[in-house]
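First comes the structure, then the notes that go with it.
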Amino acid sequence: MARTLTFKIFRYNPTKENDEPHIDTFELEETPRLNLFTALHRIREKQAPDLMYDFVCRAGICGSCAMMINGRPTLACRTLTADLADTIELYPLPFFKLLGDLSVDTGVWFHDMAKRLESWIHTTKEFDPTAEEERMDNATANKIYESERCIECGCCVAACATAQVYPDFLGAAGLNRVGRFMFDPRDTRGEQEWFELVSTDIGVFGCIGMMACDDVCPKDLPLLEVFSYIRRKMNSGVKVAVTEMDLT
Amino acid sequence: MTGIDTELYPKAETRHSQTSSAFKKAKKALRDERISGLTGAFLAMFIWGHLLAESSIIFGKETYNMVANFMEHTIPMAQPVLFIVTIAFFVHFIWASRKIPGKLRDRKRMLELGEKLQQSSKGWQQDPKSDIKLRSHFETSLWITQVRTGMIVLAAGSFHLVLVTWNLFSDMGYVGQAIGYTADLTVSRMSSGLWILYSVLMVSVVAHMAIGVYRLLVKWFADTWFVRNYAKAFFYLLFTFYIVLGTITILSASGVWEGLLT
Numbered sequence: 003m004a005r006t007l008t009f010k011i012f013r014y015n016p017t018k019e020n021d022e023p024h025i026d027t028f029e030l031e032e033t034p035r036l037n038l039f040t041a042l043h044r045i046r047e048k049q050a051p052d053l054m055y056d057f058v059c060r061a062g063i064c065g066s067c068a069m070m071i072n073g074r075p076t077l078a079c080r081t082l083t084a085d086l087a088d089t090i091e092l093y094p095l096p097f098f099k100l101l102g103d104l105s106v107d108t109g110v111w112f113h114d115m116a117k118r119l120e121s122w123i124h125t126t127k128e129f130d131p132t133a134e135e136e137r138m139d140n141a142t143a144n145k146i147y148e149s150e151r152c153i154e155c156g157c158c159v160a161a162c163a164t165a166q167v168y169p170d171f172l173g174a175a176g177l178n179r180v181g182r183f184m185f186d187p188r189d190t191r192g193e194q195e196w197f198e199l200v201s202t203d204i205g206v207f208g209c210i211g212m213m214a215c216d217d218v219c220p221k222d223l224p225l226l227e228v229f230s231y232i233r234r235k236m237n238s239g240v241k242v243a244v245t246e247m248d249l250t
Numbered sequence: 247m248t249g250i251d252t253e254l255y256p257k258a259e260t261r262h263s264q265t266s267s268a269f270k271k272a273k274k275a276l277r278d279e280r281i282s283g284l285t286g287a288f289l290a291m292f293i294w295g296h297l298l299a300e301s302s303i304i305f306g307k308e309t310y311n312m313v314a315n316f317m318e319h320t321i322p323m324a325q326p327v328l329f330i331v332t333i334a335f336f337v338h339f340i341w342a343s344r345k346i347p348g349k350l351r352d353r354k355r356m357l358e359l360g361e362k363l364q365q366s367s368k369g370w371q372q373d374p375k376s377d378i379k380l381r382s383h384f385e386t387s388l389w390i391t392q393v394r395t396g397m398i399v400l401a402a403g404s405f406h407l408v409l410v411t412w413n414l415f416s417d418m419g420y421v422g423q424a425i426g427y428t429a430d431l432t433v434s435r436m437s438s439g440l441w442i443l444y445s446v447l448m449v450s451v452v453a454h455m456a457i458g459v460y461r462l463l464v465k466w467f468a469d470t471w472f473v474r475n476y477a478k479a480f481f482y483l484l485f486t487f488y489i490v491l492g493t494i495t496i497l498s499a500s501g502v503w504e505g506l507l508t
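Line by line, the protein sequences are chains A and B. Just so we're aligned: 40 in this note's numbering is position 38 of the first sequence, and the numbers increase by one with no gaps anywhere. Just so we're aligned: 470 in this note's numbering is position 224 of the second sequence, and the numbers increase by one with no gaps anywhere.
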């Protein structure tokens with residue numbers, strides 16, 4: 003027999019005058035293979051036309067529909083109601099700017115992070131459009147690909163207690179991004195530049211190892227592996243920097 | 247992603263100044279991290295040995311006296327180790343506590359997130375039959391536990407260190423006793439009520455140590471073969487072993503099971 007699901011959804015529209023944050027309750031008949039994304043659509047169609055939430059791809063690629071589902075930050079489109087209890091609590095992601103109801107602005111934070119980390123390939127090489135592409139070995143390409151799979155949904159940052167307290171902290175997404183460019187042989191940034199960028203208390207040493215990012219990442223990125231790679235790189239990197247200083 | 251090829255790391259190309267404030271700041275952050283991590287690792291290893299040595303009371307007073315005599319007189323290592331550990335203890339407190347948010351509001355925020363975050367291992371599935379039950383995120387709560395036990399260890403451990411320093415260099419007025427530790431001294435003190443304080447200290451220190459080792463291993467070695475799951479297993483092993491060992495030791499030393507295995 004189909005279950006009747008109870009949705010308790012956080013509602014607040016900051017643009018509406020006199021609107022207070024509150025919880026609205028909705029009921030919905032469960033249908034086979036129902037996911038939360040579809041469930042939210044149905045609620046909006048029939049019960050609450052002003053319900054705000056983000057979605058684009060409904061396939062776990064765009065990272066828009068991340069929200070706190072029963073206390074866990076994850077993607078609504080990849081969550082089946084069959085895996086959840088009869089009561090489902092939905093809250094917007096913490097940390098990010100609330101746009102309204104379940105919708106948050108992750109874009110500004112990610113854009114800012116990308117600018118701080120200068121998240122592009124730094125190279126002094128002149129681009130020659132006629133030259134044959136440089137080859138990269140498969141292992142390197144795979145490592146870059148693994149980090150590049152990040153969809154910027156913001157779940158890792160929302161789950162991170164450090165990020166909640168230190169808003170400047172790069173977070174798992176930021177450190178993973180640094181790792182992606184460190185792996186890349188085309189990026190010519192040297193040890194010292196990386197060192198200044200991430201060997202800080204808002205960089206890799208800001209992480210105190212609560213591992214929630216690794217637990218909640220909907221894309222199963224190898225976050226902890228990237229962090230400890232960066233950590234050890236920073237630990238040995240300073241040696242190089244000091245030796246260089248001695249020589250000059 | 248194990249065994250990342252470090253050859254891939256681009257060659258140094260210094261564009262920034264070695265004396266820049268960013269570089270100095272980065273060096274300081276690395277130094278701070280090394281100090282807190284290394285003192286933590288040292289103290290953890292000390293605790294492994296310390297609790298093993300103390301557990302000799304399980305085998306009776308003679309064994310305990312033998313171990314104490316060996317470490318204090320045959321090879322006088324207890325005295326310098328005490329000195330080094332005392333320094334490491336306070337250095338570790340100062341450097342490790344820099345990560346604890348200063349404001350009560352921030353600490354509450356952390357606690358709230360740790361408690362509200364659904365227990366969420368990668369294979370997480372909520373039981374569809376049960377209503378929502380929010381359980382704390384394990385590793386986030388572990389860190390909060392570590393902060394709390396750290397404070398207990400700071401208070402109870404300071405007392406312990408003062409007491410040990412006093413005992414190690416005096417005969418405590420016991421007639422016919424040598425300077426330093428003896429089983430009689432330990433047993434009489436423990437059974438007179440100090441077992442309460444030592445029970446609290448033992449549980450706190452073991453929890454703090456096991457969690458610290460787990461986090462240290464994950465932070466520095468998650469990309470080697472020693473992945474998070476191994477570190478977690480090691481955490482459970484350390485915690486269980488030393489809690490059991492510590493409990494039996496305290497029971498023996500406070501006279502409940504005098505010389506349990508003799």
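The beta-carbon is built from N, C-alpha and C at its ideal position, and this holds for glycine as well. Computed from a predicted model, the values in this text were never measured in an experiment.
Contact with chain B by residue i, beta-carbon distance below 7 Å
| i | result |
| --- | --- |
| A:Thr202 | yes |
| A:Ala260 | A query on residue 260 of chain A cannot be resolved here, the shown segment of chain A reaching from 3 to 250 and no further. |
| A:Gly176 | no |
| A:Val167 | yes |
| A:Asp21 | no |
| A:Glu29 | no |
| A:Ile45 | no |
| A:Gly211 | yes |
| A:Ala133 | no |
| A:Ala116 | no |
| A:Glu198 | yes |
Contact with chain A by residue i, beta-carbon distance below 7 Å
| i | result |
| --- | --- |
| B:Glu361 | no |
| B:Thr386 | yes |
| B:Leu276 | yes |
| B:Trp412 | no |
| B:Trp466 | yes |
| B:Arg474 | yes |
| B:Ala477 | no |
| B:Arg435 | no |
| B:Arg461 | yes |
| B:His383 | yes |
| B:Met356 | yes |
| B:Phe269 | yes |
Same chain only: Cβ atoms within 7 Å of residue i, ignoring 5 sequence neighbours per side
| i | result |
| --- | --- |
| A:Lys18 | none |
| A:Asn178 | Ser149, Cys152, Leu223, Leu225 and Val228 |
| A:Leu119 | Gly176, Arg179, Val180 and Leu199 |
| A:Lys99 | Val106, Asp107 and Val110 |
Reduced DSSP secondary structure (H/G/I, E/B, other) of residue i
| i | result |
| --- | --- |
| A:Asn72 | coil |
| A:Leu36 | coil |
| A:Lys10 | strand |
| A:Phe207 | helix |
| A:Glu22 | coil |
| A:Thr27 | strand |
| B:Thr493 | helix |
| B:Tyr482 | helix |
| A:Asn237 | helix |
| A:Tyr55 | coil |
| A:Asp217 | helix |
| A:Met184 | helix |
| A:Gly65 | coil |
| A:Leu199 | helix |
Any non-hydrogen atom of the ligand MG within 6 Å of residue i CB
| i | result |
| --- | --- |
| A:Asp85 | You won't find the ligand MG in this model; it holds no ligand whatsoever. |
Neighbourhood of residue i by C-beta distance below 6 Å, restricted to the same chain and skipping five residues each side
| i | result |
| --- | --- |
| B:Tyr488 | Leu297 and Val452 |
| B:Met436 | Ala499 and Ser500 |
| A:Asp170 | Ile204 |
| B:Leu407 | Thr332 |
| A:Glu134 | none |
| B:Lys273 | none |
| A:Phe9 | Phe28 and Ile90 |
Close-in-space but distant-in-sequence residues of the same chain around residue i (CB under 8 Å, 5 per side omitted)
| i | result |
| --- | --- |
| A:Ile71 | Leu38, Ala78, Thr81, Leu86, Ile90, Glu91 and Leu92 |
**OP:** With a floor of 4 residues, list each alpha helix (DSSP H) that falls wholly inside the region 69-141 of chain A, ordered by position along the chain.
**Re:** 109-118
Subject >> Entirely enclosed alpha helix (DSSP H) segments - the region 382-455 of chain B, minimum 4 residues >> reply: 384-414 and 429-435
Original post:
In chain order, what residues of the region 220-239 of chain A put their CB closer than 8 Å to some CB of chain D?
Top reply: Here the protein chains are A and B, and chain D is not one of them.
**OP:** Run through the region 292-356 of chain B for me and flag every whole alpha helix (DSSP H) of 4 or more residues, listed as ranges in chain order.
**Re:** 307-315 and 324-342
Subject >> Cβ-based contacts, 7 Å cut-off: residues of the region 339-352 of chain B near chain A >> reply: Lys345, Pro347 and Asp352
Original post:
Just by C-beta distance, which residues in the region 60-92 of chain A are closer than 9 Å to chain B?
Top reply: Met70, Ile71, Asn72, Gly73, Arg74, Pro75, Thr76, Thr83, Ala84, Asp85, Leu86, Ala87, Asp88, Thr89, Ile90 and Glu91
Subject >> Contact set between the region 123-148 of chain A and chain B, restricted to residues whose Cβ is under 8 Å from the partner >> reply: Ala141, Thr142, Lys145 and Glu148
Original post:
At a Cβ cut of 7 Å, what residues of the region 389-410 of chain B count as close to chain A, listed as they run along the chain?
Top reply: Trp389
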